[in-house]
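Accompanying notes for the structure given below.
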Amino acid sequence: MTKRVSRKSGPSDSQRRGKSKSALKVLFFSPHALADSSSGAARSVSTLLGELVGLGHQCMAVTGSVLDAANTLFDRVLAVPPAHEFKVSAANATMPIRKVMLRGVAHIIMNFSGTRVGDVLAVEELALQKLFLDCFAEFQPDVVLSYGGFTSNYFAGVYAMSQGRKSALYIGSGSYQRPEHFIHANMILTVSQSLCAQLDKVTQLPKLTIRPVVDKAAVVCRERKPEFITFINPLPAKGLKLAAALVLECQKRGRPYKFLFVEGRGTRETMRRVCPEIERLPTLSVARNTADIRQVFERTAIVLYPSVWYEAAGRVPLEANANGIPVLASNIGGIPEMLDGAGYLFDPPESCQKNWEAAVPSAYVERWLDVLDRLHNDPAELKDAERRACEADGRYDATKFAQDFVDFVAAG
Numbered sequence: 021m022t023k024r025v026s027r028k029s030g031p032s033d034s035q036r037r038g039k040s041k042s043a044l045k046v047l048f049f050s051p052h053a054l055a056d057s058s059s060g061a062a063r064s065v066s067t068l069l070g071e072l073v074g075l076g077h078q079c080m081a082v083t084g085s086v087l088d089a090a091n092t093l094f095d096r097v098l099a100v101p102p103a104h105e106f107k108v109s110a111a112n113a114t115m116p117i118r119k120v121m122l123r124g125v126a127h128i129i130m131n132f133s134g135t136r137v138g139d140v141l142a143v144e145e146l147a148l149q150k151l152f153l154d155c156f157a158e159f160q161p162d163v164v165l166s167y168g169g170f171t172s173n174y175f176a177g178v179y180a181m182s183q184g185r186k187s188a189l190y191i192g193s194g195s196y197q198r199p200e201h202f203i204h205a206n207m208i209l210t211v212s213q214s215l216c217a218q219l220d221k222v223t224q225l226p227k228l229t230i231r232p233v234v235d236k237a238a239v240v241c242r243e244r245k246p247e248f249i250t251f252i253n254p255l256p257a258k259g260l261k262l263a264a265a266l267v268l269e270c271q272k273r274g275r276p277y278k279f280l281f282v283e284g285r286g287t288r289e290t291m292r293r294v295c296p297e298i299e300r301l302p303t304l305s306v307a308r309n310t311a312d313i314r315q316v317f318e319r320t321a322i323v324l325y326p327s328v329w330y331e332a333a334g335r336v337p338l339e340a341n342a343n344g345i346p347v348l349a350s351n352i353g354g355i356p357e358m359l360d361g362a363g364y365l366f367d368p369p370e371s372c373q374k375n376w377e378a379a380v381p382s383a384y385v386e387r388w389l390d391v392l393d394r395l396h397n398d399p400a401e402l403k404d405a406e407r408r409a410c411e412a413d414g415r416y417d418a419t420k421f422a423q424d425f426v427d428f429v430a431a432g
């Protein structure tokens, strides 16, 4: 377990610079919806575009309707009347196209017949590519920003480069391990120095590291009434077995702690399959995924982030820091960078990293429980943990990340 040391900081570069003098035109493109509150990457890119608009730049997002999970934000987008419809005769269907403004960003959204990756028809993806070409011709972007994965992402990036424009690839996971994953880009955005070091072994394309971009207005609670130890997105890879073991151990020992598990891609069904032993425990509550994370943090005293896979970054530690909430997390991947001197770090057992559903060693559970006990029983310990979280958040500057992106594109 490691405590990181806090550092002082002065005014950010962006605060000293003020708004950019020359406007950059950024076109984001992906079959994945950007108005997807269940996707960390979507929330980060969406906030980045909003910050760019705040600096005086122009941004457009051309997307489909693929979601990580159902969410209310995208439901509200779908309630907007379509601007027009694209007829897909081969599929005997029409796909409504909606135009909405979110944080000053023009969103052009094509509604597919489904919201999961496997639901997208080939003819729908071709239609989205045609929509991209139309928007590209009208908007004339300086840079196209996209993800990997879909054929359409490769199409958009290669097309942008063929037109003499920049193509920036946003990488938020460690799954891109082959040179051909980057053929549609001439620059890369990574979410941590840890991930950047991994990618350096695969490609020599220029890279910019910016942590996941958080809209603090959307995550910071006006008032908190903390009561829960909270675990968000209960998946085996995210440390579900450790979180469940803590709930059980606290129940056995009569600890007064209340736990809250918040659904994401991991759901009640995931918990039921992997950890049936915690079902119906009186000390555990389960909440549905929400587009407003403040509803979760306003009731949270401590956050658990016990990932056992390579976590390139992680939004939850950043959002917890913004609320002054202590985080207990795995010392793996980019997580220490996200905490930036806050929280408590634990080295996950090798057995749990190899098998995400393996039983968690009791000694490892004990180390986490020891810190929970200290934070509960020692007001000075809790105050220090909250102070370190607030100091780390004070060093976080989303506007600077946006300006760094502008400078990166200009230098590329």
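Going letter by letter, the sequence shown gives residues 21 to 432 in my numbering. We treat Cβ as the ideally placed atom computed from N, Cα and C, and that holds for glycine.
In whole angstroms, what separates the C-alpha of residue 397 from that of residue 293?
34 angstroms
Going by DSSP, name the residue or residues bridged to residue 50.
83
Could you tell me the distance, in whole angstroms, from the CA atom of residue 48 to the CA atom of residue 75?
17 angstroms
Where does residue 425 fall in DSSP's three states?
Correct three-state label for residue 425: helix.
Keeping to the same chain, check which residues put their C-beta closer than 6 angstroms to that of residue 286; ignore five residues upstream and five downstream.
Excluding its 5 nearest sequence neighbours in each direction, residue 286 has C-beta neighbours in its own chain below 6 angstroms: 253, 254, 255, listed in chain order.
If we count the other Cβ atoms within 10 Å of its Cβ and call it buried at 16 or more, is residue 358 buried or exposed?
buried
Skipping 5 residues on each side, what residues in its chain have a beta carbon closer than 8 angstroms to that of residue 239?
313, 314, 317, 339, 342, 343
Considering only residues of the same chain and omitting the five flanking positions on each side of residue 270, which have a CB-CB separation below 6 angstroms?
277
Just verifying my parser: in three-state terms, what is the DSSP assignment at residue 109?
Only weak support exists for where residue 109 lies, its pLDDT of 49 falling under 50; the coordinates are left without a value.
So, helix, strand or coil for residue 116, using DSSP?
Residue 116: strand per DSSP, three-state reduction.
Going by DSSP, what residues sit across from residue 126 in a beta bridge?
80, 121
Might you give, ordered along the chain, the residues of its own chain that have their beta carbon closer than 6 angstroms to the beta carbon of residue 174, omitting 5 neighbours on each side?
Excluding positions up to five away in sequence, the list reads 204.
Please give me, in chain order, every unbroken run of the beta strand (DSSP E) with length at least 3 that falls completely inside the segment 341-390.
347-350, 364-366
Could you check what DSSP says for residue 66 in three-state terms: helix, strand or coil?
helix
Which residues bound the beta strand (DSSP E) around residue 140?
Taken as a continuous stretch (DSSP letters only), residue 140 belongs to no beta strand (DSSP E), as it is neither H nor E.
Drop a sphere of 10 angstroms on the beta-carbon of residue 328, count the other beta-carbons inside from all chains shown, and report buried for 16 or more, exposed for fewer.
When all chains shown are included, residue 328 counts as buried.
Counting along the chain, where does the beta strand (DSSP E) carrying residue 323 start and finish?
Unbroken beta strand (DSSP E) run through residue 323: 320-325.
Enumerate in chain order the residues of its own chain whose CB-to-CB distance from residue 162 is below 6 angstroms, with the five nearest sequence positions on each side excluded.
Cβ contact annotation for residue 162 (same chain, cutoff 6 angstroms, sequence separation greater than five): 44, 45, in chain order.
Below 8 angstroms, how does it come out for the segment 192-211 and the segment 52-72: are there three or more Cβ pairs, yes or no?
yes
So within the segment 262-301, which uninterrupted alpha helix (DSSP H) runs reach at least 4 residues, ignoring any that extend past its ends?
288-294
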